[in-house]
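Some notes on the structure that comes next.
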Amino acid sequence: TGEEPDDVRDRSLAGLDAGGDLRDWDLPDREVRIESAAAAPDRFTTAVVVAAYGESEPVFSPSA
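Sequential numbering from 58 applies to the sequence shown in the working numbering.
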């Protein structure tokens, strides 16, 4: 939430720091990307946020 990209970036990084501290996680390779869009009269702007972290393994075994 916010109109200034630098403020949004600072709040995002502070949130990541707080989440990492809460869970005692080290989050070394962070990538934060801030995008903005001009507001248009009588229109809505939608934001999609993805937070992905950790290592993963396949749920299913590949077919032989």
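Ideal Cβ positions, reconstructed from N, Cα and C, are used throughout, including at glycine.
Exercise. Can you tell me which of Leu79, Pro85 and Val107 puts its alpha carbon nearest to the alpha carbon of Glu92?
Key: Sequence index remark: in the sequence shown, residue 92 carries index 35 (1-based). For Glu92, the nearest C-alpha among the options comes from Val107.
Quiz item: Beta carbon of Leu73, beta carbon of Arg87: below 8 Å?
Solution: Here the question's residue 73 lines up with position 16 in the sequence shown. Here the question's residue 87 lines up with position 30 in the sequence shown. Contact flag set, yes.
Self-check item: Contact check, Ala94 vs Thr102, beta carbons under 8 Å
Solution: Here residue 94 refers to the residue found at position 37 when the sequence shown is read from its first residue. Here residue 102 refers to the residue found at position 45 when the sequence shown is read from its first residue. Yes, Cβ-Cβ distance for Ala94 and Thr102 is below 8 Å.
Practice problem: Identify, in the order they occur along the chain, each residue of the same chain with its Cβ nearer than 6 Å to the Cβ of Asp83, setting aside the five sequence neighbours on each side. | Solution: If you number the sequence shown from 1, residue 83 lands on position 26. Cβ neighbours of Asp83 beyond the five flanking positions: none.
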